[in-house]
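Residue numbers (my numbering): 129 to 611.
Here a beta-carbon is modelled for each residue, glycine too, at the ideal position from N, C-alpha and C.
See structure below.
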Ligand code: GLN
């Protein structure tokens, strides 16, 4: 059972327990950091990590232990090592977004999410690999290297937060940060057997995270358990003056989750997810999981979202449009790769962008520029936004009938390295189940549900915007049922 993979094999204590023991002096932050760095070195063959922050992490650990020795609390995440996807701006290492154009870039400020975690005593030990600029679902679009799946070295860990997901299952740290624009936390969580949480759009600050598509970019944790995810999210969720799209927190917070009695809870099963080309093994694990929710008392209701089959097409118009705009800042003038052979300004721009961006970033810039250009805007971008609104309305309507929606996270388990690289469309199809909730800004979480041919499968649980707390409670219950 994947539950066994995800929970029982873990080398780290639950995060709350680590912090309690560090604050009590029973565990030392310096030892935790060493454990983390050692594991990263021992498991280098998986290529989950782009850089470690050895000196900065060790210095922070010493400071935290000293704070505790002086009788002061070091916070709710005291001494807890973590790994950040390399699109978070962090001091102490370069921030590359796994792209050549940002090689050697040093952040002049840190992400709000990182600052909030550090304020509670967490220690960033490393930066994880990703598809360059988070464009992809396998880490094969990284300009540096491909991360391997912890369950099978010949398979991808998913993506784009594949390095973060693999790192958690390889026990490199108790948690890792991912970003999710169209599934980049959820799909890798399903592929490696981790919990992956994509919170409601706007509850997590985008400040200091390399922008992909600003209308769906969300920050979230990858962990071994729902409680761990809830605690980490609780520390960084909430409004931020540096991101005007942020919204209020739930006044109840996101920890001390109630054990949910599923009697009276209405769970909608999204019909369209089972009609798309769904692998038979994945289908059976998910159906099994749904049967367990039903046996525990939930009322299972079939739900249809007629526009959902269009979500992928909408996503691959709206998101490249936003990407083309967000990536225009990389022009080789103020930071990032600069063309040393440039004879004039145009040379400088085209050289920096032509050499610095990888194939996938260029593909998305071209698609995005095309759908936004005059003459095509109405036919593509405007039409896509209209269908997006329809989809948002269909989700809203569904949540008047049910409390939660569930379905698979991806059509398959982790695929082989190289299997989908020849055909970008094939790669995009892996996102068919995660992009809908992103376009609608919903909250969604993936919980390890079972194994198919020895590979993990996670169920995707979804709820309305701002229902993050209720969703985490359902996920906690599901996690226990699926073990
Ligand atoms: N795989 C999707 C894409 O390539 C999602 C990426 C993401 O969420 N960052 O766009």
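For residue i, three-class secondary structure by DSSP
i	result
residue 395	strand
residue 418	helix
residue 254	strand
residue 198	coil
residue 571	strand
residue 544	strand
residue 612	What the structure shows of the chain is the stretch from 129 to 611, and residue 612 is not part of that stretch, so it cannot be assessed.
residue 402	helix
residue 532	strand
residue 179	strand
residue 160	helix
residue 259	coil
residue 132	Bear in mind that a pLDDT of 36 at residue 132, under 50, signals an unreliable position, so the number given afterwards is only what the model happens to contain. Residue state, collapsed to three classes: helix.
residue 165	helix
residue 578	strand
Residue i versus residue j - alpha carbon distance
i	j	result
residue 132	residue 256	Reliability fails at residue 132, whose pLDDT of 36 lies under 50, so the model's placement of it is uncertain and no value is given.
residue 588	residue 303	19 Å
residue 446	residue 333	21 Å
residue 182	residue 444	39 Å
residue 431	residue 388	22 Å
residue 223	residue 174	20 Å
residue 367	residue 218	20 Å
residue 584	residue 190	38 Å
residue 591	residue 252	30 Å
residue 155	residue 204	14 Å
residue 527	residue 401	17 Å
Residue i CB to nearest heavy atom of the ligand GLN below 7 Å
i	result
residue 309	yes
residue 324	no
residue 262	yes
residue 494	no
residue 271	no
residue 551	no
residue 265	yes
residue 340	yes
residue 159	no
residue 649	Residue 649 is absent from the structure shown; the chain starts at 129 and stops at 611.
residue 446	no
residue 405	no
Beta-carbon gap between residue i and residue j smaller than 8 Å
i	j	result
residue 574	residue 314	yes
residue 299	residue 138	yes
residue 519	residue 567	yes
residue 271	residue 496	no
residue 545	residue 284	yes
residue 297	residue 262	no
residue 413	residue 577	yes
residue 465	residue 483	yes
residue 235	residue 488	no
residue 442	residue 492	no
residue 197	residue 151	no
Residue i - containing beta strand (DSSP E), residue span
i	result
residue 304	303 to 308
residue 427	427 to 431
residue 350	346 to 351
residue 213	209 to 213
Limits of the alpha helix (DSSP H) - the one that residue i falls within
i	result
residue 494	487 to 500
residue 589	Element bounds for residue 589: not the alpha helix (DSSP H) but the beta strand (DSSP E), 583 to 591.
residue 447	439 to 454
residue 323	Residue 323 -> not in any alpha helix (DSSP H); beta strand (DSSP E) instead, spanning 323 to 326.
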